[in-house]
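**Student:** Please find one structure pasted underneath; my questions will follow.
Written out as structure tokens, the structure is:
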């Protein structure tokens, strides 16, 4: 019973995935209700997580391979929210696509369960299984569209994902060979006792881990797939990829590196690697984003740059004193704000492209006249992505850069700030098109109710947390505080 | 509480304006006017309730706001003798710019809402005592300014709006780095505490921190060679926005230099005061020479602003009470005078639809009231005694003379030039042969036009004949700041 309670939130999502398929098979007339069934399942999952938080009863399950802590709870809520938004944003698109509706929602829900599992896993095997559980449905989803580009996206994602996942396995195997255990706690102990002697081995293992997860985090130099897949995949799926798998990858990387590999002599190594990756990702992502004309590609490159921003938090492990979780909580805060900001942007794009049938930025000209609310919402999300106050994105950036400076990474923070300026150019460039450009079409339109609702939630979140960020920050701090960092 | 009310009353009015139904769009101006009058009333109430003998900040509000790890950001605001007059200046010019906007007919609700939000952001900048809060208000100003210029402007409005935003963002990025470095050294954003701290320069050499802060403020001031956004922004902005831009936004730069650069890093400021003097006098002279060449009235006033704001920097350069008091006074005087000048140009442009000096002439005949106002504003701008600008110039020169004699002597040449370009402009536009194409023009005639011009003119005279009204308040505040510089 206890174990069921612990895996409850994932369980609810997985069961819902099954139910969605069953309902479709048994009651094909009720197909329109499928997304709402999915939403219901996600709500149950979130409620279950909430009941843990209310009980304040955090524990482990399956011999400690799953840890049910505030850290996991944070991501459970996040993934439930992300998935719910994606489901809402998908309704119109799936209805139009016509086929395989139940399969689509089932795959989305399965992905969600995998992502949740990733956040809670404290064992290399579980992590790997969870990663595959979340990845395989995503490969399929990326190729869901009927056109060639979508198939190409799916295939590209699958092939590169397979390579990344094998690199990851090599890294895990090395770690297992070194520590004789796959549990993160066990590895941390082994690193503590005789890690210094085997430092070179550990460094190779870490390099492989970073390469493997780097693909999911979409950071340089593992980012090549991002623009093509974002552009080719159906837009709701691209939205899901850009926030869901990225957030989960950061969740698990933060856990592995802080919990298992957090020893001082190691962390100085990987912190430097992360710092360099962060700097290159930010710069390359932003520079490439500037020249894009397709808004999905642009957001693809910008998501690489944003991942570089998160990574500043990872690099900032060496914050001295009581605040050593500052970097980790910064990652969580940034991941959360980025998630609903980027989702908001994608949802707005979905609504707009449904109407105008184009993802070209120049076709966004004069959008303000045609759909003022959509344009304003998209602009707000873009402002938040740039990190301009008073939006949630500003606080996330400030928080992470604060952590960076405290960890003596002033150079990285300076690069980050300069990059924010660069990103302002293309983010606000879209806003400029929408507000100042001249539209050929004058016909006004509004988003469908489901899209409008999810967009409203996302943008209200961006704005409210922009003015009162404290609740989100303290939740992220509590979650990061739950990490079991032995080295300290 | 008064201060919070003052800062956010315009925003509340902005929300009210936006909530107006489309059918009542024409009421937007009155809601905006009411909002700005309430703000003006609060600021005057605070001004006359201000205790000039008390030490430290008054009307303080302080709440914890955001914990970014290791230390808090606070909602911390208060005023001293330096910021109080600037707050009044802001509410006065907000009211003035709402009044001169009565001729705006396009998308009135959005227009007034943005104008009021702009006012909130400037008021916030002048009252914030938490450096991050200061920065937030500083940034908040970008968004309304961009849209106001880009949507309601004229000419190459999008280009100018973008240029304005890019310059400011570039400056504020530097500023943000400096703010963070200071905060990490002292573990606080509290400006009072920062002002008492000594910094080690571990993260970044203090010279750099100072320079970064200075760049952020200098772009706004603006000084040569960071000024090129200003003429573009001015010439393409609608009248009210020009008034706000020249009248109060530029002052944010001067205020920032005094409040932040000088107060927080006095030693570095002392080391670099020579550069202040050099850059200040170059701005004065360069601005004046370029002004002579202008043919567009708004560009002319814009370049004269560069020249006049150089005077602010010159006043600061001596790092003495008199000089900085003069600089503050110059900010007030320039705000009112240039505000009035832009109002006059705006009134004319509404009628003639050109600002090209070559196409104008003899307007004194067709628009006698307007001509009177313009000549008055012109004389105020060139520093006629008994008007506000004269007091400011003299105080700055007296305050700076001991330390940088040569700079004062050079800058006086700038004042001579200002007489040249102002009189030449007045001569060409107001006097000269009457041009028949302007025969149809009506003089200023609406109550809002009269009240704006008369109000600003009255204040210019008041500040000219009775400086103690302001200096009694400014002086003690500057002395407090200077005590630290001296030690």
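Residue numbers (our numbering), protein chains in the order written: chain H, 13 to 500; chain X, 2 to 488. The beta-carbon is built from N, C-alpha and C at its ideal position, and this holds for glycine as well.
Examine the Cβ distances between the region 259 to 267 of chain X and the region 369 to 388 of chain X and report whether three or more of them are shorter than 8 Å.
**Tutor:** no
**Student:** Is residue 22 (chain H) buried or exposed, if buried means 16 or more other CB atoms sit within 10 Å of its CB?
**Tutor:** buried
**Student:** Do we get a CB-CB distance below 8 Å when we pair residue 402 (chain H) with the residues of chain X?
**Tutor:** At least one chain X Cβ lies under 8 Å of residue 402 (chain H).
**Student:** When you compare only the Cα positions, how much space is there between residue 351 (chain H) and residue 130 (chain X)?
**Tutor:** 33 Å
**Student:** At which residue ranges does the region 240 to 284 of chain H contain complete alpha helix (DSSP H) runs of 4 or more residues, listed in the order of the chain?
**Tutor:** With a minimum length of 4 residues, the continuous alpha helix (DSSP H) runs that stay inside the region 240 to 284 of chain H are 247 to 252, 258 to 267.
**Student:** Looking at chain H, is there any beta carbon in it that lies within less than 8 Å of the beta carbon of residue 68 (chain X)?
**Tutor:** yes
**Student:** Going by DSSP, which residues form a beta bridge with residue 76 (chain X)?
**Tutor:** X:64
**Student:** Since I believe residue 409 (chain X) is in contact with residue 366 (chain X) (beta carbons under 8 Å), could you give me their beta-carbon distance rounded to a whole number of angstroms?
**Tutor:** The Cβ separation is near 41 Å, so there is no contact.
**Student:** From the DSSP output, in three-state form, read off residue 72 (chain H) for me.
**Tutor:** strand
**Student:** Okay, do the region 160 to 171 of chain H and the region 281 to 297 of chain H touch, 3+ Cβ pairs below 8 Å being the bar?
**Tutor:** no
**Student:** Within the chosen definition, does the region 294 to 310 of chain X reach the region 237 to 248 of chain X through at least 3 CB pairs nearer than 8 Å?
**Tutor:** yes
**Student:** Less than 8 Å between CB atoms is the rule here; does residue 171 (chain X) satisfy it with respect to chain H?
**Tutor:** Yes - at least one Cβ of chain H is within 8 Å of the one on residue 171 (chain X).
**Student:** With C-beta atoms as the reference, is residue 196 (chain H) less than 8 Å away from residue 108 (chain H)?
**Tutor:** no
**Student:** Taking a contact to mean a Cβ-Cβ separation below 8 Å, would you say residue 161 (chain X) touches residue 234 (chain X) in this structure?
**Tutor:** It is a contact, given that the beta carbons lie within the stated cut-off.
**Student:** Skipping 5 residues on each side, what residues in its chain have a beta carbon closer than 7 Å to that of residue 437 (chain H)?
**Tutor:** 302
**Student:** So the alpha helix (DSSP H) residue 315 (chain H) belongs to, where does it begin and stop?
**Tutor:** 307 to 327
**Student:** Can you find a C-beta in chain H that's less than 8 Å from the C-beta of residue 185 (chain X)?
**Tutor:** yes
**Student:** Does any residue of chain X have a CB that is nearer than 8 Å to the CB of residue 500 (chain H)?
**Tutor:** Any reading at residue 500 (chain H) must be qualified, since the residue scores a pLDDT of 44, below 50, and its modelled position is unreliable; no value is offered.
**Student:** May I ask you to verify whether the region 199 to 213 of chain X touches the region 444 to 455 of chain H, counting CB pairs closer than 8 Å and requiring at least 3?
**Tutor:** The region 199 to 213 of chain X and the region 444 to 455 of chain H do not touch, with fewer than 3 CB-CB distances between them shorter than 8 Å.
**Student:** Please state whether DSSP places residue 17 (chain H) in a helix, a strand or coil.
**Tutor:** helix
**Student:** Relative to the C-alpha of residue 287 (chain H), which residue among H:432, H:232, H:113, H:475 is closest?
**Tutor:** H:232
**Student:** List the residues that DSSP assigns as beta-bridge partners of residue 79 (chain H).
**Tutor:** H:72
**Student:** Could you tell me whether the region 197 to 206 of chain H touches the region 248 to 265 of chain H, where touching means 3 or more Cβ pairs closer than 8 Å?
**Tutor:** no
**Student:** Secondary structure at residue 56 (chain X), three-state DSSP: helix, strand or coil?
**Tutor:** Residue state, collapsed to three classes: coil.
**Student:** Can you list the alpha helix (DSSP H) stretches of 4 or more residues lying completely in the region 310 to 356 of chain X, in chain order?
**Tutor:** Counting whole runs of 4 or more residues, the region 310 to 356 of chain X contains the alpha helix (DSSP H) stretches 322 to 353.
**Student:** For residue 174 (chain X), which residues in chain H fall below 8 Å Cβ to Cβ?
**Tutor:** 429, 430, 432, 433
**Student:** Verify whether the separation of the beta carbon atoms of residue 222 (chain X) and residue 110 (chain X) is less than 8 Å.
**Tutor:** no
**Student:** So is residue 181 (chain X) in contact with chain A if we call contact Cβ pairs under 8 Å?
**Tutor:** The structure shown contains no chain A; the protein chains it does contain are H and X.
**Student:** Would you report the Cα separation of residue 383 (chain H) and residue 46 (chain X), rounded to the nearest angstrom?
**Tutor:** Between residue 383 (chain H) and residue 46 (chain X), the C-alpha separation is close to 43 Å.
**Student:** Here's a check: name, in chain order, each residue in its chain whose Cβ is nearer than 6 Å to the Cβ of residue 342 (chain H), leaving out the five neighbours to either side.
**Tutor:** Around residue 342 (chain H): 325, 411, 412, 415.
**Student:** Can a CB atom of chain H be found closer than 8 Å to the CB of residue 142 (chain X)?
**Tutor:** no
**Student:** Closest to residue 448 (chain H) by CA distance: which of H:129, H:391, H:487, H:428 is it?
**Tutor:** H:391
**Student:** So, helix, strand or coil for residue 243 (chain X), using DSSP?
**Tutor:** In the structure shown, residue 243 (chain X) sits in a helix (DSSP, three-state: H, G or I).
**Student:** How many whole angstroms separate the CB atoms of residue 42 (chain X) and residue 13 (chain X), which I take to be in contact at a CB cut-off of 8 Å?
**Tutor:** About 14 Å separates the two Cβ atoms, so there is no contact after all.
**Student:** For the alpha helix (DSSP H) containing residue 228 (chain H), list its first residue and its last residue.
**Tutor:** DSSP places residue 228 (chain H) in the uninterrupted alpha helix (DSSP H) bounded by 211 to 229.
**Student:** If you measure between the beta carbons of residue 458 (chain X) and residue 377 (chain X), is that distance less than 8 Å?
**Tutor:** yes
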